[in-house]
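A.B. asks: Numbering (UniProt numbering), first residue to last: 1 to 719.
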Amino acid sequence: MLPRLRGSSLQLQGSMPSCNLRVMSLALHLSYGVEPEIPPLGAGLPMIAPINEQSPTLPASPLPFGFLHLRLRPPALRAGLLPILKMWHLKLIAFLYACSFIHLPYARGADLNSDKQALLAFAASLPHDRKINWTSTTQVCTSWVGITCTPDRKRVREVRLPAIGLFGPIPSGILGKLDALEVLSLRSNLLTINLPPDVTSIPSLHSLYLQHNNLSGIIPSSLSSSLTFLDLSYNSFDGEIPLKVQDITELTALLLQNNSLSGPIPDLRLPKLRHLDLSNNNLSGPIPPSLQKFPASSFLGNAFLCGFPLEPCTGTTPSPSPTSPSPQNTKRSFWKKLSLGVIIAIAAGGGAILLILIIIILVCIFKRKKDAEPGAAASSSKGKAVAGGRAEKSKGEHSSGIQEAERNKLFFFEGSSYNFDLEDLLRASAEVLGKGTYGTTYKAALEDGTTVVVKRLKEVVAGKREFEQQMELIGKVCQHQNTVPLRAYYYSKDEKLLVYDYVPLGSLSAALHGSKAAGRNPLDWETRVKIALGIARGMAYLHGEGGGKFIHGNIKSSNILISQELSACVTEFGLAQLMATPHVHPRLVGYRSPEVLESKKPTQKSDVYSFGVLLLEMLTGKAPLRSPSHEDSVEHLPKWVQYVVREEWTSEVFDVDLLRHPNVEDEMVQMLQVAMACVAVVPDERPRMEEVVRKIEEIRNSYSGTRTSPDDNSREGTF
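#1: Residues in the same chain with beta-carbon distance under 7 Å from residue 431, minus the five sequence neighbours each way, listed in chain order, please.
#2: What is the DSSP secondary structure of residue 611, reduced to helix, strand or coil?
#3: State the Cα-Cα distance for the pair residue 552 and residue 645, rounded to the nearest angstrom.
#4: On the DSSP bridge list, what partners appear for residue 231?
#5: So what's residue 148 in DSSP terms, helix, strand or just coil?
#6: Enumerate in chain order the residues of its own chain whose CB-to-CB distance from residue 257 is below 6 Å, with the five nearest sequence positions on each side excluded.
#7: Please name the residue in 416, 599, 490 and 203 whose C-alpha comes closest to that of residue 144.
#8: Could you pull the start and end residues of the alpha helix (DSSP H) that residue 778 belongs to?
#9: Taking all protein chains shown into account, do 16 or more other C-beta atoms lie within 10 angstroms of the C-beta of residue 392, making it buried, or fewer, making it exposed?
#10: Cutting at 7 Å between CB atoms, please list the residues of its own chain near residue 613, excluding the five before and the five after it.
#11: Does residue 455 pass the burial test, meaning 16 or more other C-beta atoms within 10 Å, or should it be called exposed?
#12: Is any heavy atom of the ligand COA found at a distance shorter than 7 Å from the C-beta of residue 602?
#13: Ends of the alpha helix (DSSP H) at residue 153?
#14: Looking only at its chain, what residues have a beta carbon closer than 7 Å to the beta carbon of residue 604, apart from the 5 residues adjacent to it on each side?
#15: Please state whether DSSP places residue 313 in a helix, a strand or coil.
#16: Are residue 185 and residue 214 closer than 8 Å when you measure CB to CB?
#17: Alpha carbons only, please: which of 150, 566 and 495 is nearest the one belonging to residue 460?
#18: What is the rounded straight-line gap between the Cα of residue 117 and the Cα of residue 219?
#19: Closest to residue 522 by C-alpha separation, out of 440, 572, 661 and 438, would be which residue?
#20: For residue 449, which of helix, strand or coil comes out of DSSP?
#21: Measure the beta-carbon distance from residue 686 to residue 533 and round it to whole angstroms, keeping in mind my assumption that it falls under 8 Å.
#22: Just how far apart, CA to CA, sit residue 241 and residue 189?
#23: To the nearest angstrom, how far is the alpha carbon of residue 683 from that of residue 606?
#24: With DSSP run on the structure shown, which of helix, strand or coil describes residue 646?
#25: Helix, strand or coil for residue 575, going by three-state DSSP, please let me know.
#26: If you reduce the DSSP assignment to three classes, tell me which class residue 275 lands in.
#27: Under 8 Å, do residue 266 and residue 243 count as touching if we go by C-beta distance?
#28: To the nearest angstrom, report how far apart residue 426 and residue 524 are at their CA atoms.
#29: May I have the straight-line CA-CA distance separating residue 559 from residue 483, to the nearest angstrom?
#30: Cutting at 6 Å between CB atoms, please list the residues of its own chain near residue 161, excluding the five before and the five after it.
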């Protein structure tokens, strides 16, 4: 762009940063003696200066739409320099102006890499109890815990980090850079101090979950107009509800309960608002008509709120008439009318009531101390990790909001990639998978698509500390390929929950006895041997851990899950020690060893017995339970097998689906001998699980070359 001379001023029209203007300044000064008016470095967009006293002052405007006015020195004008301006000077100016833009950095838009750097900075600025696998060398969209990207994987769309022990203030100016973020969940952590405005003002943000933290200060007024779900409950926010909420027309849920908010409630005429909770704050004044459709529970705990659905607002108190006595005179005359005896009686009655209240309070305190588990308050101190990632804060260290979050917290073990909290779990759709000795098992499908198995325990007699210690032990030993790892647990006085991985192929019981009409093919012999060896290896591993004192206590086919690779995974181990003395269900007597039926106390030797029964179940295809409706069930499977073998009907023992496989009967007979050794009546005559593993491996290897399928065109073993 070339300069133009207009009167006594030299004008440049266009867009130039101030640093480039200084390049032009030097060129013009050297060439023409022109002195430009340029704002100092670091200033904002320059204001346009007048050319001289007679010229009007141009309005301030940014450079892209303004003029750069330059004053010519009077000596230059008197010398007549303007007519002899040379073209090469103009070309020099144009060249310098163009070159000045070559070095300007390209203003790139935000991308996945910028999102990654922002998230790494966020993780580095906040300590957290649970480890997250965010590193600069891993893929954000496919590997990072709690991160969901857009379908084209160009931006981060969701950040979900609930209940991972984030501690401290949310850093300002970091999360706000995620300008494509739609969902942010940092609930049930230990976040403190103020909520940065750049977090709430992300333009694309529609769901913000920050409940169960210890955030304080005012709620930022810079709320995104795209918000549909805002949950800031169970924090320490104060001040008034921002008026900006009135403008968020897409809002469907506003949850601000259990804070310290004050002032009136704004008239929220939001057509899509379906969920509102403002309870347990310090709000005052009448409830706006637009919110009177919500139940009273949405407003309870605010002593100075009135209007429907709460108590009606009272009008102003009328001024007393001139003839009516003043309140002071009334009180004075009242006490004068009372005799000394009446006054003493009133005082005595008040003292008695006060004494009764004190006694009630002391009884409640004593009862709570008695119910509390010994040592639970000192189970762990601040920052100390237990059970591979579980951590608690010392008692009294945080406010009541943090304590509430701790009470509602799932404790995860190290290595768990799950990212949900108790609220997510309670909202999940549940399907009952089975009801067993220790409780009911559910398949839980969470809102984010995660599927887990939840075991709801019943009849737990262990106290909190003993329960946690057993969970720590289970969490440490469940690291074998033939065990189902325990991922998390929850403990409260009324509920005890265990969270496991979901294994889609189901249990061995369903594979052996499930309906063939459901599309299940019977397990072939090779698959059954593989499963039996996997069970034996898993049990041998468990028996070898914990100083040789670890016991499963509930081995049965429904507690053996089958992976996609048709390998066995043992589940529900280590729970027997937490339960009341079990009442053995008649249907499950067949898995219990004789000594357990008498003493009710499982041992490693009783585990071996249960494995032997399980192996017989796989060989015979018959369930060891009392069920008249099932033809393939035998109440005492070991005795039935002994009877059949004694009568030399050995082939009658085996599952008819296995007899169609040629060249496997000798192998099945040897496996039958292993099973019968495990179900010996005398515990000391039973082998150890290490010996069982070794024997099954020998049988498998010796017959590996002789197995053939009954039908070469259709491979069995899938179900």
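Virtual Cβ for every residue (Gly too), placed ideally from N, Cα, C. Being a predicted model, the structure only gives us computed values, none of them experimental.
C.D. replies: According to the structure shown:
#1: Excluding sequence neighbours, residue 431 sits near 442 and 443.
#2: Residue state, collapsed to three classes: helix.
#3: Distance from the CA of residue 552 to the CA of residue 645, rounded to the nearest whole angstrom, comes to 30 Å.
#4: Answer is 209 and 255, bridged to residue 231.
#5: In the structure shown, residue 148 sits in a strand (DSSP, three-state: E or B).
#6: Within the same chain, 233, 277, 279 and 280 come within 6 Å of residue 257 by CB-CB distance, once the 5 residues on both sides are set aside.
#7: In terms of Cα proximity to residue 144, the closest of 416, 599, 490 and 203 is 416.
#8: The chain is shown from 1 up to 719; residue 778 falls before or after that span and cannot be answered.
#9: With a pLDDT of 36 at residue 392, under the threshold of 50, the predicted position of this residue should be treated as unreliable, and no value is reported.
#10: So the qualifying residues of the chain are 590, 591, 624, 637, 638 and 679.
#11: Around the Cβ of residue 455, a 10 Å sphere holds 16 or more other Cβ atoms; the residue is buried.
#12: The ligand COA is not part of the structure shown, which contains no ligands of any sort.
#13: In the DSSP assignment, residue 153 falls outside any alpha helix (DSSP H) and carries neither an H nor an E.
#14: So the list reads 543 and 551, once near-sequence residues are dropped.
#15: Three-state DSSP puts residue 313 in coil, outside helix and strand.
#16: No. Outside cutoff.
#17: Nearest option by C-alpha distance: 495.
#18: Each residue's Cα considered, the two are about 27 Å apart.
#19: Among 440, 572, 661 and 438, the Cα nearest to that of residue 522 is on 661.
#20: In this structure, residue 449 counts as coil in the three-state DSSP scheme.
#21: Contact flag wrong, Cβ pair sits at about 18 Å.
#22: The alpha-carbon separation between residue 241 and residue 189 amounts to approximately 23 Å.
#23: Going by the C-alpha atoms only, they are around 7 Å apart.
#24: Secondary structure of residue 646 (DSSP, three-state): helix.
#25: Note: residue 575 maps to coil in three-state DSSP.
#26: Residue 275 falls in the strand class under three-state DSSP.
#27: Yes, Cβ-Cβ distance for residue 266 and residue 243 is below 8 Å.
#28: Each residue's alpha carbon lies about 40 Å from the other.
#29: Between residue 559 and residue 483, the C-alpha separation is close to 10 Å.
#30: Excluding sequence positions up to five before and after residue 161, its CB lies within less than 6 Å of the CB of 146 and 186, all in the same chain and listed in chain order.
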